[in-house]
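Residue numbers (the working numbering), protein chains in the order written: chain V, 1 to 251; chain H, 252 to 502; chain U, 503 to 753; chain D, 754 to 1004; chain A, 1005 to 1255; chain R, 1256 to 1506; chain Y, 1507 to 1757; chain Z, 1758 to 2008. C-beta atoms are modelled at their ideal positions from N, C-alpha and C, and glycine is treated no differently. Everything numeric in this text was worked out from a predicted model, so none of it was measured. Below is one structure, written out as structure tokens; the observations come after it.
Protein chains: 8
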Amino acid sequence: MGLRDILERVSSGELSPEEAQARLAGYATTDAGRFDAARERRRGIPEAVFAPGKTVEEVAALVGTALDTTGRAIVTRLGSEDAAVIEAGVEGEATYHERARCLVVHGGGFEPPEISATVGIVTGGTADREPAGEAAVIAREIGASVERVEDVGVANLTRVVDQLDRLREADVLIVAAGREGALPTVVAGLVPAPVIALPVSSGYGFGSDGEAALLGTLQSCTVLSTVNVDAGFVAGAQAGLIARSIAAARP
Amino acid sequence: MGLRDILERVSSGELSPEEAQARLAGYATTDAGRFDAARERRRGIPEAVFAPGKTVEEVAALVGTALDTTGRAIVTRLGSEDAAVIEAGVEGEATYHERARCLVVHGGGFEPPEISATVGIVTGGTADREPAGEAAVIAREIGASVERVEDVGVANLTRVVDQLDRLREADVLIVAAGREGALPTVVAGLVPAPVIALPVSSGYGFGSDGEAALLGTLQSCTVLSTVNVDAGFVAGAQAGLIARSIAAARP
Amino acid sequence: MGLRDILERVSSGELSPEEAQARLAGYATTDAGRFDAARERRRGIPEAVFAPGKTVEEVAALVGTALDTTGRAIVTRLGSEDAAVIEAGVEGEATYHERARCLVVHGGGFEPPEISATVGIVTGGTADREPAGEAAVIAREIGASVERVEDVGVANLTRVVDQLDRLREADVLIVAAGREGALPTVVAGLVPAPVIALPVSSGYGFGSDGEAALLGTLQSCTVLSTVNVDAGFVAGAQAGLIARSIAAARP
Amino acid sequence: MGLRDILERVSSGELSPEEAQARLAGYATTDAGRFDAARERRRGIPEAVFAPGKTVEEVAALVGTALDTTGRAIVTRLGSEDAAVIEAGVEGEATYHERARCLVVHGGGFEPPEISATVGIVTGGTADREPAGEAAVIAREIGASVERVEDVGVANLTRVVDQLDRLREADVLIVAAGREGALPTVVAGLVPAPVIALPVSSGYGFGSDGEAALLGTLQSCTVLSTVNVDAGFVAGAQAGLIARSIAAARP
Amino acid sequence: MGLRDILERVSSGELSPEEAQARLAGYATTDAGRFDAARERRRGIPEAVFAPGKTVEEVAALVGTALDTTGRAIVTRLGSEDAAVIEAGVEGEATYHERARCLVVHGGGFEPPEISATVGIVTGGTADREPAGEAAVIAREIGASVERVEDVGVANLTRVVDQLDRLREADVLIVAAGREGALPTVVAGLVPAPVIALPVSSGYGFGSDGEAALLGTLQSCTVLSTVNVDAGFVAGAQAGLIARSIAAARP
Amino acid sequence: MGLRDILERVSSGELSPEEAQARLAGYATTDAGRFDAARERRRGIPEAVFAPGKTVEEVAALVGTALDTTGRAIVTRLGSEDAAVIEAGVEGEATYHERARCLVVHGGGFEPPEISATVGIVTGGTADREPAGEAAVIAREIGASVERVEDVGVANLTRVVDQLDRLREADVLIVAAGREGALPTVVAGLVPAPVIALPVSSGYGFGSDGEAALLGTLQSCTVLSTVNVDAGFVAGAQAGLIARSIAAARP
Amino acid sequence: MGLRDILERVSSGELSPEEAQARLAGYATTDAGRFDAARERRRGIPEAVFAPGKTVEEVAALVGTALDTTGRAIVTRLGSEDAAVIEAGVEGEATYHERARCLVVHGGGFEPPEISATVGIVTGGTADREPAGEAAVIAREIGASVERVEDVGVANLTRVVDQLDRLREADVLIVAAGREGALPTVVAGLVPAPVIALPVSSGYGFGSDGEAALLGTLQSCTVLSTVNVDAGFVAGAQAGLIARSIAAARP
Amino acid sequence: MGLRDILERVSSGELSPEEAQARLAGYATTDAGRFDAARERRRGIPEAVFAPGKTVEEVAALVGTALDTTGRAIVTRLGSEDAAVIEAGVEGEATYHERARCLVVHGGGFEPPEISATVGIVTGGTADREPAGEAAVIAREIGASVERVEDVGVANLTRVVDQLDRLREADVLIVAAGREGALPTVVAGLVPAPVIALPVSSGYGFGSDGEAALLGTLQSCTVLSTVNVDAGFVAGAQAGLIARSIAAARP
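Rendered as structure tokens:
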């Protein structure tokens, strides 16, 4: 149904302005300045505040807006000191995830969603921790169960093989791609669920900062999709969206 | 359950070699030379033959192996003349998808899968046709319904808006990203389903050959995952995997 | 005035659906498949058909649609042989610009626009001909007068100096940037009008294919804006838009 | 009229040396060392002092020269502490634009220009503030009215739609291009005025530091011209030049 | 022993000019124009003629020189038709390796070397054939046994596992790195011998032409060294050098 | 022997689970969390702890695990202050190599390996020290003798010539490639042993950070293999592997 | 003496217009369309016609203009067939340099310059022939003696050493830089004259098309300047300029 | 005369070892560790100490060696504080060039060379100061007169034109290439002497850090050679070499 039809029906009274607005969806908004509160309603993904380049006061103000409009606030890439400042100033239940460098605040009366689907998150080394942690936080806020499989690496295949059972139980997998980025390819060759590669900015020399890892996931000889380097939030939200679609289909 | 456990159980008779092999999954194979027939069993994605760089005889031989081992053959990036040669030599039902440049052959008695989920495929211009067509062929072979939304573009938003209803019905969306690659970002801001961006090698000058499009999807200010430039097969298979997971969850 | 207001007024009868649609502008369209006929109305820039990657039949069909919906058709990057085929099949006045590789068709009764403003187009060498020619065709179709200044180059400043009077009379200038791309910088230092740089894919070795030229315009120590390498259509249309704004302001 | 002609006329007394020099324009200068005071006369763009890499003393000295020769000084990319030092040492009316990081000083008796044209400046997020602010300062110093439209983004189209009326009133638009750089393309599809894209160095991972944004504007499927990443001064000056041309044409 | 010492000893008669020259090694040469016949003596690697960019006559002439000076000629990247022309004109035993696109000619009386060491060459897909074949030809001409392991790939680990015994018997391994380049990393994690990665120019889109593969080998999280993309000759010669060092140490 | 055969034999009692596991090798592991203790057994290369991005506590913990499982710990890219902290907390013989920035700890009773083969390490300037030192430490820990040839450079060929005798005695050579990366090519043209190039991140301007050096080694007109920029550990381990293969072959 | 002074003196009759024009030099021109005939007078470098992208008719026309205005024509990158067509149509002495792909025509009465200085041109392999030949043609047309040293290469230092006497006699040297581009660095370390590096587009894989060679010359650890990849004309003209300066100083 | 001939003559007593060594030149050296004292003798370019990455003690030690072996020391890229430390510890006449960040020390009795030739050095803005200053220091140490032309820029051609007389008197010119790098091209079009471009790492956004400037000099439509970005030492030394060749030719 196109725009003209909608307008005609509003004109004829068949459709109320509210219904028309809902119909046009993304177009409905309770827009509170910089914070896109309607995103959760449109896409089911909670909006997060990206901390770098903002002062702690700016972050705190956006946290307040988020709590007011959606009952919840998520801040990514936030240092522990700034987190403490913000936690001190909010009401509700605040949790700072140190390894993920994320702050989550649930306002009073906020009912965290729960969905019956599991996101598996597979990592190799130390450098994968922060982006993978970020992904885990977001996936959990969307309501998914998160299953972490850590310290597996392609240089020692046993670690992968020993975890096959767990890997195969996840509804969707996020696999970190550090260094040469081979792990998502190896995992995606062994499991039935969709795999989202999360390239990580590790390594040194040519192809470092995640370039080799990203190219490795784009050129993978198996089937997977990828997100940008260190984009833990995006990987977690995309996996959460898929998990939610699966959970929603469950009877 | 780790490798050692499996071996102990085989030794003690708790597990037959067949069961152990099945358990180790990916490890079981009826490997017919170059063609990975077990992939469909492991991942549910039919293996496809990538035609470029192979002679028509080599492609034909692989088509034969595919039919023998899995009952079906899919060839991507195949010219119409080569397709005609191969069609002439096979038994079964062969379909050549001209715009997608894909050949699909179903052997006698092959039962195409059908799943109750829809993959939406959104494109802008002429250049998107081939990769999007490739994606459609694969998604259909996995059993999904495919809904095409064509000729929408960010330079004229109405085209997107007029198709919102159709876009919102898909279980998962593939959105082609030609030129500056903005379409997947715009669409992903309007729909609830997971979006997979498919960058396309259009344009000229700096950032052409899909580079601007790919970077645009990686830097998207909304949530989506991406595949490599022109990787229609990968986009279609990844969307198909997600669709199948959803369909499998349906009661 | 926001979307909700518009819908409320449609509902209350204050606004007819037609007016609402016009209000939302870009949203109104007489969309004929792939051809965006509404673009000219929205932006005043005639839509052009980009020939590469399309068959001559496809180009001809789009030319037909363009003539039907806007009374005019413009095709860019079209070889002379294909142009002849298309010219043979259309009604109206067709002109093929050989150096610009553009075909323009004015349907019967089409009234070409005329605006009282001048676009100056400055080029250095042979390689600049095609993109500059493309720019000239578009600027003229928008209705501007076009003044060509050819064969000036930074390696011989006299050529520039000898043309200063002509350069200073244009309302807006397009300056081709071949090789090292210094010409737009030199010209922009001498004239009062806005300068649009048009990098050209000339040269060989490192920085060729217009890369040095594009970077040179982006890093220019004077004031100018730029378009992509060889993007003659974009340069011509942008200059045309500016010329039209100026002409519209003239009493 | 070429150089030889001018010289002949000077020789014959037809032309005074002063007139000849004026004729050769750019060639006339009251050059005060490093500061190009004649630029404003030649192009109507006030010369600005680019602070990075200069000591505060060097900046202050150039500010003095600027005030002496043109009655005005503009400094870009200046920290607030350095600004305070310089403000303390100058006569005239000094204004420090914190978000834009620009210092403007009007000497005693300086008559700021005023032109009857509007530059619209559209931004998405926090990262766009500084370059867009820089653009606004320059456009205002050229005399244009500046209309800011903030916090619109392609991930939530309503924000754009809700501002359409304001966007359509500007004579020329600067649209910031952060992240994937889609906003200028979307806006340019909806307005009649010329659009200048201003890519911004936001984002992380591949294509960050404005690379994706710049490529996105160069590959845009609509008509616009672009400036370098974060080049707020250039965008503002180019828009100001266009606005002035339009204003000058107004009766 | 430095140059001066050598000269002093020549002067004092302790060293003959011949011995001095031998001492300075590389410095002694029976240089026949463009062909470096001394290379085999210096390094034990037969010089090869790189065919691209040379006419068939030039290649034939160099083959003649090679036969005259070293008793053997090797031509790489030679088409089958040119090979036939050259074979027809030489004396000795000529073998054209079709898949490797190499021509080898042993002159009458040439005694091919034989060394008691094995070079393993591991490949994944069709694209790896030519560079891996080139490597095999060179390794054999150095005298090594060559063991090919074909059609293994990281997307199906069984293929690797099933060949572990053979992989572990080689004295040195060359592993082709197509697509994402993960295979050398996986193999190097399982075998005790040195591994040389040979990136191959397969794939499409971003990171194709071997770029992802090369970066993947440079960033590998295990221990290996690499050669340039498609540099089969270099990989084969380097592996041959290592094999010969090992064989030479054998009692 | 494939996986199925192994499983059948375990089932029939022909093979014990232990033997099967050993057979599948890489699959056997005494995996202590993040530290891959089995690597030394599989490949003969001691696992090293890469310090950057880890806290001193994390490094110390991994050193403890390494000592417990393999009797030895190696830490690379470790600052001297952190090294002092760690040395203070471990038992056994700790050596900090200042120029190499490596810490080596031999636990009580650890018997360092010794092999009868020599690794030559050739460097040019100051910048080569750290990566070359890292390579030397690893090669020695594998048991090889290390022969350093320092301060030779292509801009003064005598330095190379004066060291020819020493260069020719090594069983395998690592040659640092700083600046333009020509040294490995020059050395590899003069010696019979395999050469591994180690590009170093020196220089400034275009091609710095080791890019020119790496490309120079990949494009070398002689035979060598390369590792990533500054990858001293990889070069040392690869050379050590080759040296060990040669030593093992010695009677 | 500034522009104003010149104009004042013209006005006062101290300077004739001709003298003023000569004074302003570059400003004097007998500009014949696209061909810059004045270049030779200004810089002593004959202007050359760059053939690629021009039709044979266009090249012939420019040859005619060159002969008319300067008595000589030089065409670079011209195929032998086109050369034959042009030779047939011109009067004067035409020479086609096959390996350099350059055509030189001396009109009747043209007196080729001769200068008492030598340009040495050093090359390694087959790929260097064309650019080095182009350089030789230009240097000779400027009047210099040219001394060719061919087939030397860094992989076999003797070839360089054996030519040291000849290399040291040149007044200025052009050294081709193929593959890894090490030759100019090695040569510049051995001779007293200025060295101009000429990178050549040879090699394959990463860093090919002259990229590694160019970076190698830019990062050279010795003193030299460079021109673009394959820019034989520029290298020859720059060396010719230097040779002429030296010759002019000779008594 | 080849190596063998030299050895034969040494053997026969025709040549003393000293003469032979001198003959082989570069091969003779009084090599004092890391400092190449013979370079000045071989090439006439004083060796300089590159300070970055070295401790002040290391720099001081190399200064001592330089003074001992050549009577002079030059240090580049040295901070003023480190310079003060070193000056305090040396004997002889020390001069620290603040803007060039170079320290020059002439030992007691050192006779600075003087040659009758001039190096012109042309710069645009502030960022050019340090590399141009470095070039000036080196050129002067080679003995040339240095003529500085500052604050000229392509955005205001008068500045160039007003300095034409001075520019034309230099025997060789170094022209800084900041921002878009157009200045060397403009200057080289106006002067008869050889021009060496010196790209400078100024600007911001795409093509900054000297990339646009370097590409601009490589793609220049006139004749010049270039050095790496910020390579003031190399530009100064190359210009000095040319100046010396010219001076040596003067009677």
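So who's on the other strand from residue i, going by DSSP bridges?
| i | result |
| --- | --- |
| T226 (chain V) | V:A197, H:T477 |
| V1876 (chain Z) | Z:V1903, Z:V1929 |
| Y1459 (chain R) | None; Y1459 (chain R) has no bridge partner. |
| E1850 (chain Z) | Z:H1863 |
Output the distance between the C-alpha atoms of residue i and residue j, rounded to the nearest integer angstrom.
| i | j | result |
| --- | --- | --- |
| E1868 (chain Z) | A1755 (chain Y) | 25 Å |
| A351 (chain H) | S452 (chain H) | 15 Å |
| F484 (chain H) | T327 (chain H) | 8 Å |
| N1734 (chain Y) | V1693 (chain Y) | 19 Å |
| L1584 (chain Y) | L1573 (chain Y) | 17 Å |
Residues in its own chain within less than 6 Å of residue i by CB, not counting five upstream and five downstream?
| i | result |
| --- | --- |
| G1075 (chain A) | G1111, F1114 |
| V674 (chain U) | V621, A695, P696, A741, I744, A745 |
| A1391 (chain R) | I1376, V1401 |
| A1098 (chain A) | E1091, V1109 |
Go through its chain and collect everything with a Cβ distance to residue i's Cβ below 7 Å, but skip five positions before and after it.
| i | result |
| --- | --- |
| A679 (chain U) | L685, P686, A699, L700, P701, V702, A715, G718, T719 |
| D1987 (chain Z) | P1888, V1957, S1958, G1967 |
| A1251 (chain A) | I1119, S1120, A1121 |
| V1911 (chain Z) | A1939, L1940, V1943 |
(request) Quick one: which residues of the region 1453-1466 of chain R get their C-beta closer than 8 Å to a C-beta of chain Y? List them in chain order. (result) G1458, G1460, F1461, G1462, S1463, E1466
(message) Under 8 Å, CB to CB, which of the residues in the region 429-446 of chain H have a partner in chain D?
(response) G429, R430, E431, G432, A433, T436, V437, A439, G440, L441
(request) Could you tell me whether the region 1869-1883 of chain Z touches the region 1834-1845 of chain Z, where touching means 3 or more Cβ pairs closer than 8 Å? (result) no
(request) Could you please tell me which residues of the region 121-153 of chain V, in chain order, have their CB closer than 9 Å to any CB of chain R? (result) G125, T126, A127, E150, D151, G153
(message) I want to know whether the region 922-938 of chain D touches the region 888-905 of chain D - three or more CB-CB distances under 8 Å.
(response) yes
(message) I want to know whether the region 463-476 of chain H touches the region 1009-1016 of chain A - three or more CB-CB distances under 8 Å.
(response) no
(message) Contact between the region 1133-1146 of chain A and the region 1163-1171 of chain A is defined here as three or more beta-carbon pairs at a separation below 8 Å; is this criterion met?
(response) no
(request) Note down, in chain order, all residues in the region 1475-1506 of chain R with a beta-carbon under 7 Å from any beta-carbon belonging to chain A. (result) V1478, L1479, S1480, T1481, V1482, N1483, V1489, A1492, Q1493, L1496, I1497, S1500, I1501, A1504, R1505, P1506
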